[in-house]
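Below is one structure, written out as structure tokens; the observations come after it.
Residue numbers (the working numbering): 668 to 799.
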């Protein structure tokens with residue numbers, strides 16, 4: 668094969684690779700952050716024992732005031748938001764609501780000016796800031 672045909676084959680192969688990556692390789696998935704750590708996860712896990720963000724300094728910390736209604740730490744993101752029999756709970760990082768709830772990512776909810784999540788949601792001003 669002469670040099671001209673080799674260059675043409677290389678250019679055609681590179682064009683196919685670029686098209687393939689452009690269509691498939693750059694899609695963001697909801698769980699990309701959880702797997703790779705490179706992107707933010709689609710949700711932040713809550714502790715079902717205390718209602719705080721799992722693994723945070725406040726998670727299961729002794730001597731916190733408990734809510735009489737739900738039994739979780741009063742004022743925690745999970746307070747009165749996590750069902751009593753729940754094995755897991757998480758806050759959606761897109762809207763701040765409990766992941767999978769009726770309000771999760773529902774359109775036309777008022778956004779908080781400080782954090783960008785739904786105003787008054789369990790995650791409102793509770794989650795670490797995400798950089799775009």
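The beta-carbon is built from N, C-alpha and C at its ideal position, and this holds for glycine as well.
Please read all numbers here as calculations on a predicted model, not as lab measurements.
DSSP three-state assignment for residue i, whether helix, strand or coil
i	result
residue 683	helix
residue 778	strand
residue 675	helix
Buried/exposed call for residue i, threshold 16 Cβ in 10 Å
i	result
residue 641	One cannot answer for residue 641 here, as it falls past the ends of the chain, which runs 668 to 799.
residue 732	exposed
residue 757	buried
residue 672	exposed
residue 694	Its pLDDT being 43, under 50, residue 694 is placed unreliably in this model, and the coordinates cannot settle the point.
Contact set for residue i: own chain, Cβ-Cβ below 7 Å, skip 5 residues either direction
i	result
residue 716	727
residue 718	739, 740, 743, 744, 745, 746 and 749
Close beta carbons around residue i, own chain, < 6 Å, minus the five adjacent residues each side
i	result
residue 793	744
Range of the contiguous beta strand (DSSP E) that encloses residue i
i	result
residue 785	Note, residue 785: premise wrong, no beta strand (DSSP E); not H, not E.
residue 769	Careful: residue 769 lies outside any beta strand (DSSP E) and carries neither H nor E.
residue 712	710 to 713
Cβ neighbours of residue i in the same chain (closer than 8 Å, five flanking residues each side left out)
i	result
residue 785	762, 763, 764, 770, 776, 777, 778, 779 and 791
(request) Can you check the segment 718 to 766 for any beta strand (DSSP E) of at least 3 residues that lies completely inside it and give the ranges in chain order? (result) Within the segment 718 to 766, the complete beta strand (DSSP E) runs of at least 3 residues fall at 756 to 759.
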